[in-house]
Amino acid sequence: MSEAAGSAHNAGAALRNAVCALLAALRIPLVVYQIQTQFASITGALLPQAYHTFLNWLNAVGFDLRWVLPLGCAADLNFYQRLLVATLAPLGVGTLLFTPRVIAALLPRELPSGRLAARIRAKAARLAAADLKLFLVFTFVIFSGVSAIVLQTFACETLKGTGLRYLRADYSIRCQTSEHSAYMVYAGFMILVYPIGIQPFMPGCCGSTVSMQKYCSTPAARARTLQSSLQAYYQRADYWECVECVRRISLTGLLVFIAPGTSSQYVAACALSFGAIVVYELVQPHRLRADTCLYTLGGVITWGVTFLAALTGGPAAAANVDGNALSERGAAAGVVLIALNVCCLCWRWPWHLLWGKK
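For the sequence shown, our numbering gives the first residue as 2, with consecutive numbering after it.
What follows is the structure in structure tokens.
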């Protein structure tokens, strides 16, 4: 019986290691894809048709939690409903992740069956030991998408000649209403929960140690969680996760406040993405050379998308030039960006074959 239990434990450990390896391989490409899709969605950039289609395929990696709803319902949601789903669904998922910890804490010391109590307590303890790591992965994935939709609540546009203000993310919604004011208050609270509230849980960010001490039951558990989260970075740059959060939100959600709908918005995004590359090359926080090259490639892709958007000029330029012709400017560059995105996804495998883990 003990041998069977040992085999099951080893199989479970092997599965967890495989999942962690897969997540590590996809971590940088995931961020690159999320930034591109959210940038195009927020700014309305006019990109070549082939690349626009490619980004539509990448929308799945945005992890929009409307997938919890039936397809027809998700398609009919207005912005307010999307805001509620995007902000409340993660709270529900987080509650589920920490349920085993609550069960382990509330489980009575003594049950009618001592052996059953021990087995239940052991299983709950094993699940509780993994909940913080799963929570960190989950918050990392949803961070930029949820933050972007929360910040879009405050981006309104005044239509010329009418004096009426409409929400840029959904022109069926007027901003000068009591309903929108209420949702702005709600979004303001959610800023404290997501863009600001998530960062203390990110390893290396201010307050992360306090969060670990609060939610990890033992110093060993804290050490394992921090080590697994920060092992990609040098100790001198263990703060980089927090810098990465700032970069992600700067290239997505914060763009709604920078000259929306004009070429200046794309120029600002282009400058921010280029500046991020410069800062990264100066710091070079990753331990592995493969990660350094992959992150640089991702930065170049992000800069290329913003530069291509600046070239086309966006909706403002479309008012003077045929939109279809405008979106086909830089079509060759769009094909190159598609190829670079594919390379970004497949980078690790040929690298390991040629150079190993370096």
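Don't be surprised by glycine CBs; every beta carbon is placed ideally from N, CA and C.
Straight-line Cα distance separating residue j from residue i
{"i": "Tyr172", "j": "Gly164", "result": "14 Å"}
{"i": "Thr293", "j": "Ala149", "result": "27 Å"}
{"i": "Glu282", "j": "Tyr195", "result": "28 Å"}
{"i": "Trp348", "j": "Ser182", "result": "46 Å"}
{"i": "Gly45", "j": "Gly262", "result": "8 Å"}
{"i": "Ser264", "j": "Ser274", "result": "15 Å"}
{"i": "Ile199", "j": "Phe144", "result": "7 Å"}
{"i": "Tyr34", "j": "Ile121", "result": "41 Å"}
{"i": "Leu193", "j": "Leu152", "result": "11 Å"}
{"i": "Arg290", "j": "Cys157", "result": "44 Å"}
{"i": "Phe190", "j": "Leu92", "result": "14 Å"}
{"i": "Ala106", "j": "Leu85", "result": "31 Å"}
{"i": "Leu298", "j": "Val337", "result": "13 Å"}
{"i": "Lys134", "j": "Arg83", "result": "27 Å"}
{"i": "Ala188", "j": "Asp77", "result": "21 Å"}
{"i": "Cys345", "j": "Tyr184", "result": "38 Å"}
{"i": "Ser251", "j": "Val32", "result": "13 Å"}
Closest residue to residue i among the options (Cα-Cα distance)
{"i": "Phe99", "options": "Phe139, Ala272, Cys157 and Thr88", "result": "Phe139"}
{"i": "Tyr296", "options": "Leu59, Ser182, Val186 and Ala233", "result": "Ala233"}
{"i": "Thr307", "options": "Pro49, Leu27, Ala90 and Leu160", "result": "Pro49"}
{"i": "Phe136", "options": "Val103, Ser179, Thr96 and Met191", "result": "Thr96"}
{"i": "Ala334", "options": "Gly45, Leu346 and Ala311", "result": "Ala311"}
{"i": "Ala332", "options": "Gln200, Thr313, Trp348 and Val343", "result": "Thr313"}
{"i": "Phe80", "options": "Ala170, Glu158 and Ile29", "result": "Ala170"}
{"i": "Pro101", "options": "Leu89, Ala123, Gln37 and Ser251", "result": "Ala123"}
{"i": "Gln177", "options": "Ala260, Arg166, Ile143 and Thr263", "result": "Arg166"}
{"i": "Glu245", "options": "Gly300, Ile192 and Cys157", "result": "Gly300"}
{"i": "Gln236", "options": "Gln285, Arg28, Met185 and Ile104", "result": "Gln285"}
{"i": "Arg175", "options": "Arg290, Val186 and Thr159", "result": "Thr159"}
{"i": "Ile259", "options": "Ala90, Arg83, Phe155 and Arg127", "result": "Phe155"}
{"i": "Val280", "options": "Val247, Gly162 and Ile121", "result": "Val247"}
{"i": "Gln37", "options": "Tyr52, Leu27 and Ala26", "result": "Tyr52"}
{"i": "Ala90", "options": "Leu298, Val147, Tyr184 and Tyr187", "result": "Val147"}
{"i": "Ile278", "options": "Arg288, Val268, Tyr267 and Thr303", "result": "Thr303"}
{"i": "His287", "options": "Val268, Gln39, Tyr240 and Gly276", "result": "Tyr240"}
{"i": "Gln1", "options": "Val32, Phe40 and Gly162", "result": "Any question about residue 1 goes unanswered here, given that the chain covers just 2 to 359."}
{"i": "Pro30", "options": "Leu47, Val94, Thr88 and Val142", "result": "Val142"}
Buried or exposed by the 16-neighbour rule on C-beta atoms within 10 Å, applied to residue i
{"i": "Ile197", "result": "exposed"}
{"i": "Gly254", "result": "buried"}
{"i": "Trp58", "result": "exposed"}
{"i": "Val257", "result": "buried"}
{"i": "Cys271", "result": "buried"}
{"i": "Thr54", "result": "exposed"}
{"i": "Asp132", "result": "buried"}
{"i": "Ser179", "result": "exposed"}
{"i": "Gly371", "result": "This structure leaves residue 371 out entirely; the chain is present only between 2 and 359."}
{"i": "Ala340", "result": "exposed"}
{"i": "Val103", "result": "exposed"}
{"i": "Arg249", "result": "buried"}
{"i": "Val186", "result": "exposed"}
{"i": "Val343", "result": "exposed"}
Reduced DSSP secondary structure (H/G/I, E/B, other) of residue i
{"i": "Tyr240", "result": "coil"}
{"i": "Asp171", "result": "strand"}
{"i": "Tyr195", "result": "coil"}
{"i": "Tyr234", "result": "strand"}
{"i": "Arg67", "result": "Because the pLDDT of Arg67 is 48, which lies under 50, any placement of that residue in the model is unreliable, and the number read from its coordinates should be weighed accordingly. If DSSP states are grouped into helix, strand and coil, Arg67 belongs with the helices."}
N-terminal and C-terminal residue of the alpha helix (DSSP H) that residue i is part of
{"i": "Cys157", "result": "Counting along the chain, Cys157 falls outside any alpha helix (DSSP H), though it belongs to the beta strand (DSSP E) covering Cys157 to Thr159."}
{"i": "Trp304", "result": "Arg290 to Thr313"}
{"i": "Leu346", "result": "Ala332 to Cys347"}
{"i": "Ile280", "result": "Ile is not the amino acid found at residue 280; the sequence shown has Val there. Its alpha helix (DSSP H) spans residues Ser264 to Val284."}
{"i": "Leu59", "result": "Gln50 to Leu59"}
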